[in-house]
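Engineer: Quick note: the sequence shown, position 161, residue 161 per this note's numbering, numbers continuous. Note that CB positions come from ideal geometry on N, CA and C, so glycine has one too. Okay, here's the structure, questions in a sec.
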Amino acid sequence: MPEKTRVVAPGPSTQQVVDEDGTELSIPTGWELLPPGDAGLTRRVKAAGPTWTVKERRGRRMFSKGVWADAAQIAAARTKLDAERSTDAYARKRKNDTARREKKQAEYVDEFENAVLSFLDFHVSHHGIAKRLAVAVTTHATPVGSGTVARTQRIPVERRAESAVIAWMRHQTTAYDNLSIPRVKGKRREVRRMLAAESRRLLQGYRSGKQIDAAQCPLQRALADASE
Numbered sequence: 001m002p003e004k005t006r007v008v009a010p011g012p013s014t015q016q017v018v019d020e021d022g023t024e025l026s027i028p029t030g031w032e033l034l035p036p037g038d039a040g041l042t043r044r045v046k047a048a049g050p051t052w053t054v055k056e057r058r059g060r061r062m063f064s065k066g067v068w069a070d071a072a073q074i075a076a077a078r079t080k081l082d083a084e085r086s087t088d089a090y091a092r093k094r095k096n097d098t099a100r101r102e103k104k105q106a107e108y109v110d111e112f113e114n115a116v117l118s119f120l121d122f123h124v125s126h127h128g129i130a131k132r133l134a135v136a137v138t139t140h141a142t143p144v145g146s147g148t149v150a151r152t153q154r155i156p157v158e159r160r161a162e163s164a165v166i167a168w169m170r171h172q173t174t175a176y177d178n179l180s181i182p183r184v185k186g187k188r189r190e191v192r193r194m195l196a197a198e199s200r201r202l203l204q205g206y207r208s209g210k211q212i213d214a215a216q217c218p219l220q221r222a223l224a225d226a227s228e
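Structure (structure tokens):
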């Protein structure tokens with residue numbers, strides 16, 4: 001049993017897991033759980049194998065709960081990796097990698113903000129509002145690890161920008177967060193579609209150059225709150 005690498009789910013106790021076929025398995029003697037968080041160490045432990053990777057589904061997403069493996073195997077991988085990470089060469093590599101990631105992130109933030117501005121397409125008389133909204137949406141949506149639609153690579157950046165604007169407005173300019181939505185299949189999706197239509201009508205007023213009362217506009221009120 002221990003010699004087989006598996007993907008498992010949490011079991012009924014801390015020393016049990018559930019295999020993909022539903023079988024409850026006891027953790028092999030001498031194994032320990034390597035918590036998630038150190039990708040480099042996890043890769044090495046998995047490469048040495050065998051391991052049991054624990055994943056838990058929450059809604060539509062899967063979350064890592066760590067990797068079970070022989071304790072000596074984990075210790076050996078950690079010792080070797082710690083030695084490598086203590087060298088000057090590793091420090092330089094880390095510094096260069098960080099600088100490269102920061103540059104890439106900064107470029108993406110600029111690209112995403114421009115995509116938001118393109119989607120908004122506000123009349124020139126509302127350019128200031130468009131810029132403030134683009135900054136607010138981009139600041140919320142683009143941080144690494146945020147889990148927002150802006151971080152996905154599965155759809156073009158133009159669609160990511162559109163979805164991010166509608167999502168931001170749903171939470172900031174509508175009563176969505178305080179609604180009591182029945183637990184009926186498809187009801188939440190229906191409410192989101194309705195609120196998205198409201199948001200699009202609001203945006204259209206700014207695109208057409210319509211004169212808008214700032215005190216009565218939920219978008220401008222939300223932007224004012226966000227800047228405080």
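E158 and A115: beta carbons closer than 8 Å?
Structural biologist: Annotated as proximal: E158 and A115, with beta-carbon spacing under 8 Å.
Engineer: Excluding sequence positions up to five away, which residues of its chain have a Cβ less than 7 Å from the Cβ of R207?
Structural biologist: Around R207, the same chain offers D121, F122 and H123 as residues with beta carbons nearer than 7 Å, after the five sequence neighbours per side are excluded.
Engineer: Quick one: what does DSSP say Q153 is sitting in, helix, strand or coil?
Structural biologist: coil
Engineer: Can you give me the Cβ contacts of P218 inside the same chain, cut-off strictly under 6 Å, excluding the 5 residues immediately before and after it?
Structural biologist: Cβ neighbours of P218 beyond the five flanking positions: T173.
Engineer: Determine the burial state of R92: buried for a count of at least 16 other Cβ atoms within 10 Å of its Cβ, exposed for fewer.
Structural biologist: exposed
Engineer: Short of 6 Å in beta carbon distance, which residues of its chain neighbour V191, apart from the five on each side in sequence? Order them along the chain.
Structural biologist: I181
Engineer: With 16 as the cutoff for other CB atoms within 10 Å, does L233 come out buried or exposed?
Structural biologist: Coverage of the chain is limited to positions 1 through 228, which leaves residue 233 absent and any answer about it impossible.
Engineer: Among the residues of its own chain, which have a CB less than 8 Å from the CB of S227, if the five just before and after it don't count?
Structural biologist: If we look at S227 and ignore the five residues flanking it on each side, its Cβ neighbours are R132.
Engineer: Answer with buried or exposed for M194, where buried requires no fewer than 16 other C-beta atoms within 10 angstroms of its C-beta.
Structural biologist: exposed
Engineer: To the nearest angstrom, report how far apart I212 and W168 are at their CA atoms.
Structural biologist: 20 Å
Engineer: Among A150, K104 and V184, whose alpha-carbon lies nearest the alpha-carbon of S163?
Structural biologist: A150
Engineer: What did DSSP end up calling S13 once you bin it into helix, strand or coil?
Structural biologist: coil
Engineer: What is the DSSP secondary structure of R58, reduced to helix, strand or coil?
Structural biologist: strand
Engineer: Would you mind reading off the limits of the alpha helix (DSSP H) that contains S199?
Structural biologist: K187 to R207
Engineer: With DSSP as the reference, identify every bridge partner of T63, one or two as the case may be.
Structural biologist: Rather than Thr, the amino acid found at residue 63 in this sequence is Phe. BP columns for F63 point to E56.
Engineer: Between which two residues does the alpha helix (DSSP H) harbouring L33 extend?
Structural biologist: Element bounds for L33: not the alpha helix (DSSP H) but the beta strand (DSSP E), W31 to L34.
Engineer: So E84 is in the alpha helix (DSSP H); what residue range does that whole segment cover?
Structural biologist: A71 to R85
Engineer: Tell me which residues share the same chain as Q15 and place their Cβ nearer than 8 Å to its Cβ, disregarding the 5 neighbours each side in the sequence.
Structural biologist: S26 and I27
Engineer: Which partner residues of L25 appear in the DSSP bridge assignment?
Structural biologist: V17
Engineer: For the stretch 100–159, list the alpha helix (DSSP H) runs that are entirely contained and at least 4 residues long, ordered along the chain.
Structural biologist: 127–141
Engineer: Quick one: is D110 buried, meaning 16 or more other Cβ sit within 10 Å of its Cβ, or exposed?
Structural biologist: exposed
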